[in-house]
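For the sequence shown, the numbering used here assigns the number -19 to the initial residue and increments by one for each residue that follows.
Notes for the one structure printed next.
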Amino acid sequence: MLSIIVRHGLRLSFLLIFFVLANHLYAQETKVTGKVIDASSGDPVPFANVVFKGTTIGVTTDFDGNFSLSTFSPSDSIVASYIGYKAKAKPVTRGVAQVINFQLIEDVINLQEIVILAGENPAWQILRNVVKNKKENDKRKLLAYEYDTYTKIEIDVDNLSEKFRQRKVVKKITQVLDSVERIAGEDGKPILPLFITESVSKIYYRDNPSLKKEQILKTKINGIGVEDGSTVTQLIGSSFQEYNFYQNWLNIVSKEFVSPIADGWRIYYEYDLTDSL
-19 MLSIIVRHGL
-9 RLSFLLIFFV
1 LANHLYAQET
11 KVTGKVIDAS
21 SGDPVPFANV
31 VFKGTTIGVT
41 TDFDGNFSLS
51 TFSPSDSIVA
61 SYIGYKAKAK
71 PVTRGVAQVI
81 NFQLIEDVIN
91 LQEIVILAGE
101 NPAWQILRNV
111 VKNKKENDKR
121 KLLAYEYDTY
131 TKIEIDVDNL
141 SEKFRQRKVV
151 KKITQVLDSV
161 ERIAGEDGKP
171 ILPLFITESV
181 SKIYYRDNPS
191 LKKEQILKTK
201 INGIGVEDGS
211 TVTQLIGSSF
221 QEYNFYQNWL
231 NIVSKEFVSP
241 IADGWRIYYE
251 YDLTDSL
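Below, the structure is given as structure tokens:
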């Protein structure tokens, strides 16, 4: 009877010792330190993620790529990862302190070639429609019409010589001469406004019989040797206001200019669409 009790006591002691040893091994700390670098350049990889696989225990590397982490939970490997690199796992010896370094390889993704083409100028479609309907909208197709016009004309002279400035008629406009150095053309050279005119008129037109009347409501003109009420002033309205952009050519001061909506509009002009309805 006594021997049986002894045997059971020995067996119980053995199980107790085994349990204590197992708990001791399980509770040992696993500590890992190391560095994460770029495999091709050897440069440190800062802010890389380093975690024990299968756990939420992890850290990020510092600016020099160094890391240090530990755990009492069992884990057989450690994983390092970073955006743009392939994640890499390495085995871990449980219960001891160890050094594990990582060399991460760039995760190269070959993208398909993308060709970006500039879109068409949005003004072109509008101009195509305008040109397409020129015949229908040309005012010459109307039997009669009337409209109000406002015209402002400025004629300037550049390449001013000293001899020209000393002319008697030029000296009379001292105000212009005082500001001539402050007025410049596109090339930066001084220009002299020869005259500026503004006029408001009402135009009446009838096709059959052909009649046209222009009533000049108000005119103002300033310039060298020109005064309100002069012959030049009276001719300003009729000389400058008859424009029809639906024709291919415009006559301005006895010179022919291509209309902005001429048949070959793209050859002659560049267009910027500032607004549309």
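Ideal Cβ placement from N, Cα and C applies to all residues, glycine included.
Requested in this report: Determine the burial state of residue 6: buried for a count of at least 16 other Cβ atoms within 10 Å of its Cβ, exposed for fewer.
Outcome: Sequence index remark: in the sequence shown, residue 6 carries index 26 (1-based). With a pLDDT of 49 at residue 6, under the threshold of 50, the predicted position of this residue should be treated as unreliable, and no value is reported.
Query raised in the report: Would you call the stretch 94 to 114 and the stretch 31 to 45 touching, i.e. three or more CB-CB distances under 8 Å?
Result: Inter-segment contact for the stretch 94 to 114 and the stretch 31 to 45 is absent: fewer than three beta-carbon pairs are separated by less than 8 Å.
Requested in this report: For my contact list, residue 60 and residue 16 are in at a C-beta cut-off of 8 Å; report their separation, rounded to the angstrom.
Outcome: Position 80 of the sequence shown, counting from 1, holds the residue named residue 60. Position 36 of the sequence shown, counting from 1, holds the residue named residue 16. Indeed, because the Cβ distance is near 5 Å, the residues count as touching under 8 Å.
Query raised in the report: Do residue 193 and residue 184 come within 7 Å of each other at the CB atom, strictly closer than that value?
Result: If you number the sequence shown from 1, residue 184 lands on position 204. If you number the sequence shown from 1, residue 193 lands on position 213. Taking 7 Å as the Cβ cut-off, residue 184 and residue 193 qualify as a contacting pair.
Requested in this report: Just tell me which of 240, 32, 105 has its CA closest to the CA of residue 53.
Outcome: Translated into positions along the sequence shown, residue 53 becomes position 73. It is 32.
Query raised in the report: For residue 93, does the three-state DSSP call read helix, strand or coil?
Result: Reading the sequence shown from its first residue, position 113 is the one you call residue 93. For residue 93, the three-state secondary structure derived from DSSP is coil.
Query raised in the report: Does DSSP put residue 245 in a helix, in a strand, or in coil?
Result: On the sequence shown, residue 245 is found 265 positions in, with the first residue counted as 1. Of the three classes helix, strand and coil, the one that applies to residue 245 here is helix, per DSSP.
Query raised in the report: Taking the C-alpha atoms as reference points, what is the distance between residue 123 and residue 202?
Result: Here residue 123 refers to the residue found at position 143 of the sequence shown. Here residue 202 refers to the residue found at position 222 of the sequence shown. Cα to Cα, the separation comes out at about 37 Å.
Requested in this report: Determine the extent of the beta strand (DSSP E) in which residue 236 is found, giving its start and end residues.
Outcome: Along the sequence shown, read from residue 1 onward, the residue named residue 236 stands at position 256. Its beta strand (DSSP E) spans residues 235 to 238.
Query raised in the report: Beta carbon of residue 248, beta carbon of residue 114: below 7 Å?
Result: Taking the sequence shown and counting its residues from 1, the one referred to as residue 248 is at position 268. Taking the sequence shown and counting its residues from 1, the one referred to as residue 114 is at position 134. Contact: no.
Requested in this report: Sort 34, 19, 51, 25 by Cα distance to residue 11 and report the nearest one.
Outcome: Residue mapping note: residue 11 aligns to position 31 of the sequence shown, counting from 1. For the residues 34, 19, 51, 25, the minimum Cα distance to residue 11 belongs to 51.
Query raised in the report: Going straight from the alpha carbon of residue 47 to that of residue 30, what length do you get?
Result: For this step, residue 47 is matched to residue 67 along the sequence shown. For this step, residue 30 is matched to residue 50 along the sequence shown. Roughly 8 Å between the two C-alpha positions.
Query raised in the report: Which residue from 66, 55, 26, 75 puts its Cα closest to that of residue 263?
Result: Within the shown structure, residues of the chain are numbered from -19 to 257, placing residue 263 beyond reach of any answer.
Requested in this report: Answer with buried or exposed for residue 79, where buried requires no fewer than 16 other C-beta atoms within 10 angstroms of its C-beta.
Outcome: Within the sequence shown, the letter at position 99 stands for residue 79. Exposed, by the Cβ-count rule.
Query - Under the three-state DSSP convention, the category residue 182 falls into - result: Within the sequence shown, numbered from 1, the residue matching residue 182 stands at position 202. Three-state DSSP puts residue 182 in a strand.
**Report entry** Cα-Cα separation, residue 20 to residue 257
**Finding:** Taking the sequence shown and counting its residues from 1, the one referred to as residue 20 is at position 40. Taking the sequence shown and counting its residues from 1, the one referred to as residue 257 is at position 277. Going by the C-alpha atoms only, they are around 58 Å apart.
Query raised in the report: Near residue 87, which residues of its chain fall below 8 Å by C-beta distance, leaving aside the five closest residues on each side in sequence?
Result: Position 107 of the sequence shown, counting from 1, holds the residue named residue 87. Cβ neighbours of residue 87 within its own chain (closer than 8 Å, five residues either side excluded): 64, 65, 66.
Query raised in the report: Where does the unbroken beta strand (DSSP E) through residue 121 begin, and where does it stop?
Result: Position 141 of the sequence shown, counted from the start, is the residue given in the question as residue 121. Under the DSSP assignment, residue 121 falls outside any beta strand (DSSP E); it carries neither an H nor an E label.
Query raised in the report: What is the DSSP secondary structure of residue 60, reduced to helix, strand or coil?
Result: For the purposes of this step, residue 60 is identified with residue 80 of the sequence shown, where counting begins at 1. In the displayed model, residue 60 falls within a strand according to three-state DSSP.
Query - Simplified DSSP assignment, three categories, for residue 98 - result: Mapped onto the sequence shown, residue 98 falls at position 118. Assignment of residue 98 by DSSP, reduced to helix, strand and coil, places it in the coil class.
Query raised in the report: Taking C-beta to C-beta, are residue 58 and residue 70 nearer than 7 Å?
Result: Within the sequence shown, residue 58 is the residue found at index 78, counting from 1. Within the sequence shown, residue 70 is the residue found at index 90, counting from 1. Yes, the Cβ-Cβ distance between residue 58 and residue 70 is below 7 Å.
Query raised in the report: Looking at the unbroken beta strand (DSSP E) that takes in residue 254, where does it start and where does it end?
Result: Taking the first residue of the sequence shown as position 1, residue 254 is located at position 274. According to the DSSP assignment, residue 254 belongs to no beta strand (DSSP E), since it is labelled neither H nor E.
Requested in this report: Kindly indicate which three-state DSSP category residue 220 falls into: helix, strand or coil?
Outcome: As a position in the sequence shown, residue 220 is number 240, starting the count at 1. Note on residue 220: pLDDT 46, under 50, position unreliable in the model; the coordinate value appears next. The DSSP-derived three-state label of residue 220 is helix.
Report task. Can you tell me which of the three DSSP states residue 77 falls into? Result -> Residue mapping note: residue 77 aligns to position 97 of the sequence shown, counting from 1. Residue 77 falls in the strand class under three-state DSSP.
Query - Endpoints, beta strand (DSSP E) assigned at residue 227 - result: Taking the sequence shown and counting its residues from 1, the one referred to as residue 227 is at position 247. It is not in any beta strand (DSSP E) - residue 227 carries neither H nor E in the DSSP assignment.
Requested in this report: Have a look at 232, 241, 229 and flag the residue whose alpha-carbon is nearest the alpha-carbon of residue 111.
Outcome: The residue labelled residue 111 in the question sits at position 131 within the sequence shown. Among 232, 241, 229, the Cα nearest to that of residue 111 is on 241.
Query - Straight-line Cα distance separating residue 177 from residue 188 - result: Start at 1 with the first residue of the sequence shown, and residue 188 comes out as number 208. Start at 1 with the first residue of the sequence shown, and residue 177 comes out as number 197. About 33 Å.
Query raised in the report: Can you tell me where the beta strand (DSSP E) with residue 8 in it begins and where it stops?
Result: Indexing the sequence shown from 1 puts residue 8 at position 28. Taken as a continuous stretch (DSSP letters only), residue 8 belongs to no beta strand (DSSP E), as it is neither H nor E.
**Report entry** C-alpha gap between residue 13 and residue 92, whole angstroms
**Finding:** For the purposes of this step, residue 13 is taken as the residue at position 33 of the sequence shown. For the purposes of this step, residue 92 is taken as the residue at position 112 of the sequence shown. Rounded to the nearest angstrom, the two C-alpha atoms are 40 Å apart.
Query - Assumed close pair residue 103, residue 252 - CB separation to whole angstroms, cut-off 8 Å - result: Counting from one through the sequence shown, the residue named residue 103 turns up at place 123. Counting from one through the sequence shown, the residue named residue 252 turns up at place 272. With 8 Å as the limit, residue 103 and residue 252 qualify as a contact, their Cβ atoms being about 7 Å apart.
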